[in-house]
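**Q** Shown below is the structure under consideration.
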Amino acid sequence: MSLAIRGVFWVGIYLAVAAAPLVFALVGDAPPGRDFITDFSVALGFVGLSMMGLQFALVARFQSVAAPFGEDAVVQFHRQVSYVATAFILAHPVLLVLADADTLRLFNVLEAPWRARFAVTSVLCLLAVMATSIWRRRLRLRYEAWQAAHGLLSTASVLLALAHIYLVGYYVDTAWKTALWAVMTAAFLGLLVWVRLVRPWRRRRRRWEVERVSPERGDVSTLFLRPLGHQGLEFAPGQFAWLMVNRSPFALTQHPFSFSSSAEANDGRVEVSVKALGDFTSTVHAIAPGTRAYVDGPHGVFSPDRFEGPGFVLIGGGIGITPLTSMLRTLADRGDRRPCLLLYANRSLEEATFREELEALERRLELRVVHVLEDAPDGWRVERGRIDDQLLRRHLPERHRRMQYFVCGPPRMLDAMEDALVGLGVPAERIHTERYTFI
Numbered sequence: 011m012s013l014a015i016r017g018v019f020w021v022g023i024y025l026a027v028a029a030a031p032l033v034f035a036l037v038g039d040a041p042p043g044r045d046f047i048t049d050f051s052v053a054l055g056f057v058g059l060s061m062m063g064l065q066f067a068l069v070a071r072f073q074s075v076a077a078p079f080g081e082d083a084v085v086q087f088h089r090q091v092s093y094v095a096t097a098f099i100l101a102h103p104v105l106l107v108l109a110d111a112d113t114l115r116l117f118n119v120l121e122a123p124w125r126a127r128f129a130v131t132s133v134l135c136l137l138a139v140m141a142t143s144i145w146r147r148r149l150r151l152r153y154e155a156w157q158a159a160h161g162l163l164s165t166a167s168v169l170l171a172l173a174h175i176y177l178v179g180y181y182v183d184t185a186w187k188t189a190l191w192a193v194m195t196a197a198f199l200g201l202l203v204w205v206r207l208v209r210p211w212r213r214r215r216r217r218w219e220v221e222r223v224s225p226e227r228g229d230v231s232t233l234f235l236r237p238l239g240h241q242g243l244e245f246a247p248g249q250f251a252w253l254m255v256n257r258s259p260f261a262l263t264q265h266p267f268s269f270s271s272s273a274e275a276n277d278g279r280v281e282v283s284v285k286a287l288g289d290f291t292s293t294v295h296a297i298a299p300g301t302r303a304y305v306d307g308p309h310g311v312f313s314p315d316r317f318e319g320p321g322f323v324l325i326g327g328g329i330g331i332t333p334l335t336s337m338l339r340t341l342a343d344r345g346d347r348r349p350c351l352l353l354y355a356n357r358s359l360e361e362a363t364f365r366e367e368l369e370a371l372e373r374r375l376e377l378r379v380v381h382v383l384e385d386a387p388d389g390w391r392v393e394r395g396r397i398d399d400q401l402l403r404r405h406l407p408e409r410h411r412r413m414q415y416f417v418c419g420p421p422r423m424l425d426a427m428e429d430a431l432v433g434l435g436v437p438a439e440r441i442h443t444e445r446y447t448f449i
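Numbering (my numbering), first residue to last: 11 to 449.
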């Protein structure tokens, strides 16, 4: 089955599951005295709840689901669809109040029946999830604290909503409806058990050890990881993994990092290069050799191994050079002589991570490296400013419409490069991006 067909299949599954509770809950006789607005509010609530449950599946890192789209695209969808699901869920009580003002008394959690208490608490948990995600930096929440709170509050919101439905009783008043809701609930709980218990239990048998930590330019540290008691893992250049260092495999907090090593290494070891940007990343340089680690991966579809072409154009900004370096190292180890162009943007030359190795790779590959600097030193043949369409026109090869493009860097840079490349006639299907915005 092609990736395109698999993508259509998973989109169809998503839509079917999102609508399923609405269908089987509203089939049959409606409760007496119900008007259209009330029924409509219930419909929105059911779809919103189903979408909230599916949010857990979207970030469960099922590789077969992410393969047609890319892990970053799935996470982007997870983020955007959360607004839609929240709007549906909030519309449910708002419309109930519009249909009957007496419904307002159910918001008094001290005196309301338990079905209403569960509903109100579920919505409050959901609002807390949204607020802490949107304003995490303003609230000065550490990534680790946010990740733990996000998972716990989301789980509580869905479980409380399910309890509300069972206590209302209108939608589980027949055996077949009860069975279907039981299946939905069991699927949600099974997903939690798989993600939080089964998979970490399996991961604990595949331990890793930090062999050493090497400082790099640009306030970057490279972790050298070796497998303990197993053969390591195989990955494609450009892929990433979730890393847990000096933590239990059951830990809620995990960090995504791209592999920077060659995919052709045959000793099972892997390397990840991490820029100090706060929280855990600022402590990587001090990790002691011998520290235990766990690796969940590989993930992602940002890899030249998936796309045929006569050559590659790599565009990186800052720490976005990490997966691009893995690609170049791999091509060199394979003896691949297809032409490559690397456009690498930084504030200064001193911040250009892997600068010396990139110079060495130019001698091993048909590679041309162009540094693009905001603060360019005198006497260096570099581009000044930022990568834009004019700079692209100056450096893209003659057959640039046939090349495969891999772009990794800050979100604004990715948006600008996608627009600029399409404007230069590059087919959209040849432009591949990796976004590190997993919050």
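Glycine included, C-beta positions come from ideal geometry on N, C-alpha and C.
My assumption, with CB atoms under 8 Å, is that residue 269 sits in contact with residue 280. Please give the rounded CB distance.
**A** Counting from one through the sequence shown, the residue named residue 269 turns up at place 259. Counting from one through the sequence shown, the residue named residue 280 turns up at place 270. The Cβ separation is near 6 Å, so the contact holds.
**Q** Measuring CB to CB, does residue 81 end up less than 8 Å from residue 310?
**A** Walking along the sequence shown from the start, residue 81 turns up at place 71. Walking along the sequence shown from the start, residue 310 turns up at place 300. Yes, the pair counts as a contact, with Cβ atoms nearer than the cut-off.
**Q** Specify, as a first and last residue, the run of the alpha helix (DSSP H) that residue 1 falls within.
**A** The structure shown has nothing for residue 1, since the chain only spans 11 to 449.
**Q** Within the chosen definition, does the segment 294-307 reach the segment 325-337 through at least 3 CB pairs nearer than 8 Å?
**A** No: the two stretches stay apart, fewer than three of their Cβ pairs being nearer than 8 Å.
**Q** On the premise that residue 273 lies in contact with residue 224, defined as a C-beta separation below 8 Å, what is that separation, rounded to the nearest angstrom?
**A** Start at 1 with the first residue of the sequence shown, and residue 224 comes out as number 214. Start at 1 with the first residue of the sequence shown, and residue 273 comes out as number 263. Incorrect: roughly 19 Å between the Cβ atoms, too far for contact.
**Q** Tell me the rounded alpha-carbon separation between residue 209 and residue 149.
**A** What you label residue 209 is simply residue 199 of the sequence shown in a count that begins at 1. What you label residue 149 is simply residue 139 of the sequence shown in a count that begins at 1. Roughly 32 Å separates the two Cα atoms.
**Q** Taking the alpha helix (DSSP H) that residue 240 belongs to, which residues open and close that run?
**A** Start at 1 with the first residue of the sequence shown, and residue 240 comes out as number 230. Run containing residue 240: none; DSSP gives neither H nor E here.
**Q** Excluding the 5 residues preceding and the 5 following residue 29 in the sequence, name in chain order all residues of the same chain whose CB lies nearer than 8 Å to its CB.
**A** Position 19 of the sequence shown, counted from the first residue, corresponds to residue 29. For residue 29, where only same-chain residues beyond five positions count, the Cβ hits under 8 Å are 57, 60.
**Q** Report the option in 397, 360, 343, 316 whose CA atom is closest to the CA atom of residue 352.
**A** By one-based count along the sequence shown, residue 352 stands at place 342. Cα-wise, what sits closest to residue 352 is 397.
**Q** Does the pairing of the segment 282-291 with the segment 228-240 give three or more beta-carbon distances under 8 Å?
**A** In short, these stretches touch, since the Cβ pair count reaches three.
**Q** Per DSSP, residue 425 forms a beta bridge with which residues?
**A** Taking the first residue of the sequence shown as 1, we reach residue 425 at position 415. DSSP lists no partner for residue 425.
**Q** Does the Cβ of residue 18 have 16 or more other Cβ atoms within 10 Å, making it buried, or fewer, making it exposed?
**A** By 1-based counting over the sequence shown, the position of residue 18 is 8. Exposed: under 16 other Cβ atoms inside 10 Å.
**Q** I want to know whether the segment 202-217 touches the segment 343-351 - three or more CB-CB distances under 8 Å.
**A** Contact fails: fewer than three Cβ-Cβ distances are below 8 Å.
**Q** Classify residue 93 as buried or exposed, calling it buried when 16 or more other Cβ atoms lie within 10 Å of its own Cβ.
**A** Position 83 of the sequence shown, counted from the start, is the residue given in the question as residue 93. It is exposed - the Cβ of residue 93 has fewer than 16 other Cβ atoms within 10 Å.
**Q** With DSSP as the reference, label residue 46 as helix, strand or coil.
**A** On the sequence shown, position 36 is the one that residue 46 refers to. The answer is helix: DSSP assigns residue 46 an H, G or I state.
**Q** Since residue 327 and residue 370 should fall inside the 8 Å C-beta cutoff, what is the C-beta to C-beta distance between them, to a whole number of angstroms?
**A** As a position in the sequence shown, residue 327 is number 317, starting the count at 1. As a position in the sequence shown, residue 370 is number 360, starting the count at 1. Actually they are not in contact, since the Cβ atoms of residue 327 and residue 370 sit about 22 Å apart, beyond 8 Å.
**Q** In the DSSP assignment, find the unbroken alpha helix (DSSP H) run with residue 399 in it and report its ends.
**A** Stepping through the sequence shown from its first residue, residue 399 is reached at position 389. It spans 399-405 - the alpha helix (DSSP H) in which residue 399 sits, taken as one unbroken run.
**Q** Could you work out which residue in 67, 290, 361, 298 is closest to residue 156 when comparing CA atoms only?
**A** For the purposes of this step, residue 156 is taken as the residue at position 146 of the sequence shown. Nearest of 67, 290, 361, 298 to residue 156, Cα basis: 290.
**Q** Find out if the Cβ-Cβ distance for the pair residue 383, residue 357 is shorter than 8 Å.
**A** On the sequence shown, position 373 is the one that residue 383 refers to. On the sequence shown, position 347 is the one that residue 357 refers to. Yes, they are a contact pair.
**Q** Tell me whether residue 271 is buried or exposed, calling it buried when 16 or more other Cβ atoms sit within 10 Å of its Cβ.
**A** Sequence index remark: in the sequence shown, residue 271 carries index 261 (1-based). Looking at its Cβ environment, which holds 16 or more other Cβ atoms inside 10 Å, residue 271 is buried.
**Q** So which of 70, 153, 49, 362 has the shortest CA-CA distance to residue 107?
**A** Within the sequence shown, residue 107 is the residue found at index 97, counting from 1. Selected option, being the one with the closest Cα: 49.
**Q** Kindly confirm or deny that the segment 129-136 and the segment 159-176 touch, where touching means at least three C-beta pairs closer than 8 Å.
**A** Contact between the segment 129-136 and the segment 159-176 is present, because at least three Cβ pairs lie under 8 Å.
**Q** Measuring CA to CA, which of 257, 243, 265, 128 is closest to residue 308?
**A** Taking the first residue of the sequence shown as position 1, residue 308 is located at position 298. When each option's Cα is compared against that of residue 308, the closest is 243.
**Q** Where residue 407 and residue 429 are concerned, what is the direct C-alpha to C-alpha distance, given to the nearest angstrom?
**A** Position 397 of the sequence shown, counting from 1, holds the residue named residue 407. Position 419 of the sequence shown, counting from 1, holds the residue named residue 429. When rounded, the distance between both Cα atoms is 18 Å.
**Q** Mapping DSSP to helix, strand and coil, what is residue 252?
**A** To locate residue 252, count along the sequence shown from 1; it is residue 242. Looking at residue 252 - three-state DSSP - the assignment turns out to be strand.
**Q** Quick one, are the C-beta atoms of residue 88 and residue 68 less than 8 Å apart?
**A** Locating residue 88 in the sequence shown gives position 78, counting from the first residue. Locating residue 68 in the sequence shown gives position 58, counting from the first residue. Cβ distance < 8 Å, so residue 88 and residue 68 count as in contact.
**Q** Hey, would you say residue 219 sits closer than 8 Å to residue 238, going by beta carbons?
**A** Translated into the one-based positions of the sequence shown, residue 219 becomes position 209. Translated into the one-based positions of the sequence shown, residue 238 becomes position 228. Taking 8 Å as the Cβ cut-off, residue 219 and residue 238 qualify as a contacting pair.
**Q** Using beta-carbon positions only, say whether residue 531 and residue 297 come within less than 8 Å of one another.
**A** Because the chain in this structure spans residues 11 to 449, residue 531 falls outside the shown range and cannot be described.
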